[in-house]
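Residue numbers (my numbering), protein chains in the order written: chain A, 1 to 805; chain B, 806 to 1156.
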Amino acid sequence: MRVPLSWLTEYVDTGLGVDELADVMTSGGLIVEAIDYPTADVHGVCVGQVRHITPVEGSDRLSLVDVFDGAAEHRVVCGASNFAVNDRVAFAAPGAQLPGGVTIDARRVFGHASEGMLASGRELAISDDHRGILILDADAPLGADLRNWLQLDDPVYDIEVTPDRGYLLSIIGVARDIAALTGAELLIPDVVPATGGRTVPVTIEDAERCRRFEVRTIEPVTIGPSPAWLQRRLMAAGVRPVSNVVDATNAAMLEIGNPIHAYDEALLAGPELVVRTARSGERLRTLDGVDRELDPEDLLICDAKGPVALAGVMGGEHSEINDATTVITLEVANFAPRTVLRTARRHQLVTQGSMRWERMVPPESVPLAASRCAQLITDIAGGAVTGGADHYPNPAEHTPITLRPVRAGEYLGIDVDADQQRALLERIGCDVRPDGMQLAVTRPAYRPDLELEVDLYEEIARIHGYDRVPERLPSTGQVGGRTPEARAQIRVRETLAGAGWHEILTAPFITDNDLAALGWGEDDRRRQAIALVNPLSQEAGVLRTSLLPNLLRIARQNANRQVPGAALFEVARAYLPPTDDEPGAPGGPDDVRLPFEPLLLGLVGYGPFEVERHDREARAVDVFDLIGACQLLARRLGRPAIVPLATAEAPFHPGRAARLTLEGRALGVVGELHPRTVEALELPARTVVGEIRLAPLLAGGVVQPQVSEPSPLPGLRFDVAVVTAASVEARAVEAAIRAGAGPDLTDVALFDVYHGEALAVGERSLAYHVALDNAERQLSDRDEAAAIDGIERSVAEQVGGRLRR
Amino acid sequence: MHESDPTVASGRHDVNAAVAVARDAIASATSLDVLDKVRASHLGKRSALATVQRTLGGLPDDARRALGALINAARAELAELEAERRLALEAQRDSVVLADEAVDVTLPARIPRRGSLHPVHETTEAVVDVLVGLGYKVLDGPEVETDWHNFTALNSPPDHPAKSLSDTIYVQPLTHDVRPTPDGTTGVLLRPQTSPGQIRAMLDQPPPLYIVIPGQVYRADTADATHLPMFHQIEGLAVDTSLSFADLKGTVAEFARAILGTDTELRFVPDHFPFTEPSAQLLARHDGRWMELLGCGMVHPNVLRAGGYDPEQVRGFAWGVGVDRMAMMRHGVTDIRQFVDNDMRFLAGFS
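And the structure:
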């Protein structure tokens, strides 16, 4: 809500400075987002009077205008023609400044010297009108600075209005709160009722949705532009001036908060106005020139021929006020918020009016709005009220709310007794009566938002002052903390970051094509992605079932930006249709099915993992970096080792991917992408990627490592090289060594893999450092020999291998 | 006497000769390697002195004592000479050899490869740490939520604008028997706030409750420099028998000062949320401007009821704070889209 200070001051004059008042408003919940001065840039423009108008020869548009500024006449060349001799106009002499940093110079136009210019409303930023120059009231003092005459340095408060406080969408509502907050006097104009006389009869068919409907007939009016002061105020408040009658309805709405519509009575088909819902097939061409098909739920104002307005939202074009209008019918009504909201949404037509209805306008505001609007119209467009009627079939009744003052004080934590609470509530207009230990509080009409006892608590705190509420820090009476799983998750992320991986963050939106591109078939669970109803773009139509599409997208994007290498990870959820084993969260009273949201770890890498240095070659990231990263996590979380199993599946290179398992349970797959996938997705060669489920690693939190104490005696260290068929996996060879080395074995570590001339084709040799330790006795050469014999037998039996001696 | 003992005389001669030779050898040793050899040959087991020493056993006591003393004196002298020479040679080596081995310590060192944590997650954890310090327990909830948990139970009016497709992202229902609604909503949505976690927590456990729920939230917003369709919030909820608005104010103020610094200027002003009454927002002064830090309020009685609590028995307060803006402030980021762009050059800044 934009509130010009000059306008506000007509309802409440606090005497506070501009910033002080803003401070009071913000403290009271009328959050001032900005204070601006839309017309304050106007300097050196004064009230002038047109003395002579001479057409410029050879131009059908320009004229030479002699304008008198109270001291001297000046000749300007002017392209407008909406003025006559003796009119008062805004004269900008050379050196004058206009909004937007424009400075007026003396210049030559069409061969004639022009000493300044006559300004239009738009040039002065006081209206949107640029069809002609601004004509000032006849009583504007000649030579007066326009800044003073039109209050061009008027500050405008831009107030954020929360949905519950609809009354703040009016100058009077803002004034009421300021009066309550500061104690300043509230100046409310008297209601001048108008009943009887000749006016348009009204029938309300739907009294639920139209609670009140007041009409006033005013005649004869003369349509023309509003006076400059009103145009400026409307413009400052954010409403474009149109014509005096329309401007008056808007000004009264801005002041009182009740939207108002004016009809050209001559264009109504009579005999009465009917408030009813639309019939099927009915149409209405609204003021914005759009021909609308009406919905049976739309509430309408109709005459004999059909709809003339979309109730509370917009009037019809046919009965619109026009230059020839002389008799007008004012509609000052009250419509139910839901009706207007639904119609406004259905027709995508949010107007100043609909915005106010949505936030509840009380029916009690109708008489004041009607009175104020009628007064403005007769002031600026002439005529008089010749008739009126107020149709209000079911006047609103307000049941009192019970307030328990002791509880209110405890609830708010402030020391304010019952009498003080009563006084605070009376300041906003509540009627408060004692009722035993309690107070019976009847809300003022303008506050339909006050329904519950807690609503009153808020008002007590607000008028008392939120800044006067003390700060207390309650004891929670418990030890705070994360769940063990959440702590373990932090350890996962910190471990990976410490091991060279950079964490990324992506939104969970992908497309089904992204999943198909990874070679997953239609029946793959990862293709059962949940679709969005209203995706932000076609590239974001479904929720991810896998982290891979986004990981690969980010890798590609970095590669395209010439980043030579990247090792990235993401810990995030995927969203899968729930199953019995993997259910979603509880779905509430309607038992709505929610997705299963597993937490995944995704990794992606391309280019060098270790960069080239003066003392070292570069080393490209490969599948072992992925497996190793996951195995490191298992270790840091105190889990058994993650075991990789070779796998050939999409989207991976058939010989360079591993299914990672923890105690026989599959966690996920990591590997190098299939070269065809790399090509199709335009990724760097040898991109590696993978994802695992984190739940099995995190469940129960970090397990503290249990250690064996090292032997105090020197142990034995020796190497063995095992030759097997190259198809035998290293894991099997190591298992055979462990099985054969005897009870003193403490470590087996591979240090060399050899294929080559010393071996037969199809063979390879794996060389290991072996450690034997025994804390009880000194191990000897005989123990070493026995262990090697044991290893030799074991590798022969288990993997068909031999020792290379 | 023994002075004239020919054996002694011969021994003395041998010793003196050996000492003279050794002195020369030590003096002329030009490297530590040579000096090691000199030491071995003139002071070791096969040295001339050792040879003389081995003859001592066959001598009479007097002679043995006299000659023994002489040998000891000779050894002591040579050892001292050798040590002096060694010091000199070591100094020489240090000045020449080690100088020759010098490296350029300004060459790039071997910093162990390190990755980074995402600044938004890091900011979340930092904020959560503060609340854990105040005794709050951390929970999470589903990101795909029901209309009931997110709107109805949180006291939103049925036609609340936030429910529309232009504000909230809906997902297709996961059952087939769901009838389409005129406004296109489905009852299943990506949570636009962490607040439905309040309802789940209350339904899950009895009061008292002091919890914090961090998480990702979503809105149907197009991305620009200050908005993302996915962002992050942290929800706090306290429910107990006698909590007050003053407790809320103290808690959020303490929290804000822990994050922004103890001398931060704060302002507590009225606001509106369907799920709290009274409602407030906390403003903090940052770079000379008042900035909305968080929204908060006393939990609305209807919300307590939806959570299965009795609003006459317990009351509480709740607040929600946006993480992404805070992360921007912490790291001097001016465009929020950097957080999901994931450019390595940006991420590497957090190593």
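The C-beta atom is built at its ideal place from N, Cα and C for all residues, glycine as well. This one's a predicted model, so the numbers in the text were calculated from it and none came from an experiment.
When only Cα atoms are considered, alanine 1028 of chain B and glycine 690 of chain A end up about 28 Å apart. Considering only beta carbons, the part of the stretch 550–561 of chain A lying closer than 7 Å to chain B consists of Ile554, Asn558 and Arg561, in chain order. Here arginine 984 of chain B is exposed, its C-beta having fewer than 16 other C-beta atoms within 10 Å.
Taking each of A/Gln421, A/Pro189, A/Gly655 and A/Ile133 in turn and checking the Cα distance to histidine 464 of chain A, the smallest one comes out for A/Gln421. Secondary structure note for asparagine 334 of chain A: it is in no alpha helix (DSSP H), and the uninterrupted beta strand (DSSP E) holding it is 328–335. Around methionine 1103 of chain B, the beta-carbon contacts reaching into chain A at under 8 Å are Tyr411, Val454 and Tyr457. The beta-carbon of serine 836 of chain B is placed no less than 8 Å from the nearest beta-carbon of chain A. Chain order gives the chain A residues near proline 913 of chain B as Arg613 and His614, where near means a beta carbon separation below 8 Å. For glycine 1137 of chain B, the nearest beta carbon of chain A is not closer than 8 Å to its own beta carbon. Judged by DSSP in its simplified three-state form, isoleucine 1018 of chain B adopts strand. Here the stretch 40–57 of chain A lies against the stretch 89–105 of chain A, with 3 or more beta-carbon pairs under 8 Å apart.
With fewer than 16 other Cβ atoms from the protein chains shown falling within 10 Å of its own Cβ, leucine 645 of chain A counts as exposed. Counting only Cβ-Cβ distances below 9 Å, glycine 584 of chain A has contacts in chain B at Pro947, Val949 and Leu979, in chain order.
Against glutamine 478 of chain A, the close residues of chain B are Gly940, Tyr941, Lys942, Pro1013 and Tyr1015, in the order they occur along the chain (beta-carbon pairs closer than 9 Å).
Here the C-alpha atom of histidine 769 of chain A lies approximately 23 Å from the C-alpha atom of alanine 760 of chain A.
Against phenylalanine 1073 of chain B, the close residues of chain A are Tyr466, Asp467 and Val469, in the order they occur along the chain (beta-carbon pairs closer than 8 Å). The distance from the Cβ of glutamate 471 of chain A to that of glycine 1055 of chain B is about 4 Å, consistent with a contact at the 8 Å cut-off. Against leucine 959 of chain B, chain A offers no close residue; the least beta-carbon distance is about 12 Å (beta-carbon pairs closer than 8 Å). In this structure, arginine 372 of chain A sits away from isoleucine 188 of chain A, with a CB-CB distance that is not shorter than 8 Å. Listed along the chain, the chain A residues whose CB falls inside 8 Å of the CB of glycine 1127 of chain B amount to none; the nearest CB is some 15 Å away.
Fewer than three Cβ pairs drawn from the stretch 750–757 of chain A and the stretch 695–713 of chain A lie within less than 8 Å of each other, which leaves the two stretches out of contact. As DSSP reads the structure, alanine 566 of chain A sits in a beta bridge with A/Tyr606. Between the stretch 482–502 of chain A and the stretch 625–642 of chain A there are three or more inter-stretch CB-CB distances shorter than 8 Å, so the stretches are counted as touching. In terms of Cβ geometry, methionine 1007 of chain B and glycine 1154 of chain B do not form a close pair [threshold 8 Å].
Remark: fewer than three beta-carbon pairs, one from each stretch, lie closer than 8 Å, so the stretch 402–419 of chain A and the stretch 361–370 of chain A are not flagged as touching.
Using a Cβ-Cβ cut-off of 9 Å, glutamate 597 of chain A is close to Pro947, Glu948 and Val949 of chain B, given in chain order. Contact of histidine 847 of chain B with chain A is not assigned, every C-beta pair being separated by 8 Å or more.
With the criterion set as a beta carbon lying under 7 Å from some beta carbon of chain B, the members of the stretch 142–164 of chain A are Thr162, Pro163 and Asp164, in sequence order. Distance from the CA of isoleucine 490 of chain A to the CA of leucine 667 of chain A, rounded to the nearest whole angstrom, comes to 19 Å. For proline 549 of chain A, the uninterrupted alpha helix (DSSP H) segment begins and ends at 548–560.
For histidine 926 of chain B, a Cβ of chain A is located within less than 8 Å of the residue's own Cβ. Chain order gives the chain B residues near isoleucine 414 of chain A as Ser1049, Phe1050 and Ala1051, where near means a beta carbon separation below 9 Å. Relative to the Cα of aspartate 41 of chain A, the nearest Cα in the group A/Asn82, A/Gly101 and A/Leu62 belongs to A/Gly101.
Taken through DSSP and simplified to helix, strand or coil, histidine 347 of chain A comes out as coil. Burial of isoleucine 1064 of chain B is indicated by the presence of at least 16 other C-beta atoms within 10 angstroms of its C-beta.
At least one CB atom of chain A sits nearer than 8 Å to the CB of glutamate 1082 of chain B.
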